[in-house]
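Residue numbers (our numbering): 36 to 224. Some notes on the structure that comes next.
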Amino acid sequence: MEEQDTFGQVGLGAMIVFVGVMIAIISSASVMIYQLEVIAENTESIVATTSKEAHTQVVFVGAWVADAYDDYLFMIEYQSLGKEVEVEDVGFVLWCVDNTGTLHRKTGDLGSWGSGPLPNVAIWEVGGEIEEPDSLVSGKRYFIGVDGGTDADPSSDECGPKFIHDQGIVAYYTIFLPFGGHTTQELRA
Numbered sequence: 036m037e038e039q040d041t042f043g044q045v046g047l048g049a050m051i052v053f054v055g056v057m058i059a060i061i062s063s064a065s066v067m068i069y070q071l072e073v074i075a076e077n078t079e080s081i082v083a084t085t086s087k088e089a090h091t092q093v094v095f096v097g098a099w100v101a102d103a104y105d106d107y108l109f110m111i112e113y114q115s116l117g118k119e120v121e122v123e124d125v126g127f128v129l130w131c132v133d134n135t136g137t138l139h140r141k142t143g144d145l146g147s148w149g150s151g152p153l154p155n156v157a158i159w160e161v162g163g164e165i166e167e168p169d170s171l172v173s174g175k176r177y178f179i180g181v182d183g184g185t186d187a188d189p190s191s192d193e194c195g196p197k198f199i200h201d202q203g204i205v206a207y208y209t210i211f212l213p214f215g216g217h218t219t220q221e222l223r224a
């Protein structure tokens, strides 16, 4: 008579289950490791971009109406992690949409103000002589002037204080830094 070992069949079934569980664990582990690598790469990329933008910024401290109600005078503070930027490399956009739906826009660099306190001076350090600096230094405050008007007609008053008051609209002034990052100030009459 043949001998039958019933425990042998149980052992064979347990071995099949064990091998199946090991395959599932290895598959799951490889998927988890891959996802962890993807998350780490994305995080590094986001941190690099965010750090560049978060640590180099312009903060608006104050704003005034200047020069026959068609100009603005802003006080800003430049903040960075030791990075100075050339004034001519920092751009701005002053824009608004009037009541007829027309977009008015004026662009330039921080050194372009047509009717400043001195010829060819559009930005100067707070508390210093009225002379345009070559670069913005971290932690320092500056006055910046900007005319109302458009790129097509710089002497007009579109988006200036009187214009937005008469139209009952909002204008926006955005400063763009060369290494990424920008700051926008909403202007209301």
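Glycine included, each C-beta is placed from N, C-alpha and C at the ideal position.
Taking C-beta separations shorter than 7 Å and ignoring five residues to either side along the sequence, the partners of V96 in its chain run M110, I111, E112 and R176, following chain order.
A distance below 8 Å separates the beta carbons of L212 and V125. Beta-bridge partners assigned by DSSP to A157: none are found. Here F178 is not near V205, since their CB atoms are 8 Å or more apart. For I210, the secondary structure class from DSSP, reduced to helix, strand or coil, is strand. Within 10 angstroms of the beta-carbon of Y69 lie fewer than 16 other beta-carbons, which makes it exposed. Here A224 has P196, I199 and H200 as same chain residues with Cβ atoms under 7 Å from its own Cβ, once five neighbours each way along the sequence are excluded. Under DSSP, W130 shares a beta bridge with R140 and Y207. Under the criterion of beta carbons closer than 8 Å, Q202 and N134 qualify as touching, at roughly 5 Å. Per the coordinates, the alpha-carbon of G184 lies some 4 Å from the alpha-carbon of E193. A direct Cα-Cα distance of roughly 58 Å separates W148 from V66.
For A101 against G180, the beta-carbon gap comes to about 6 Å, under 8 Å, which counts as contact.
Per the DSSP secondary-structure output, S190 pairs with nothing in a beta bridge.
Under the three-state reduction of DSSP, T185 is assigned to coil, being neither helix nor strand.
Between W130 and E166, the alpha-carbon positions lie close to 27 Å from each other.
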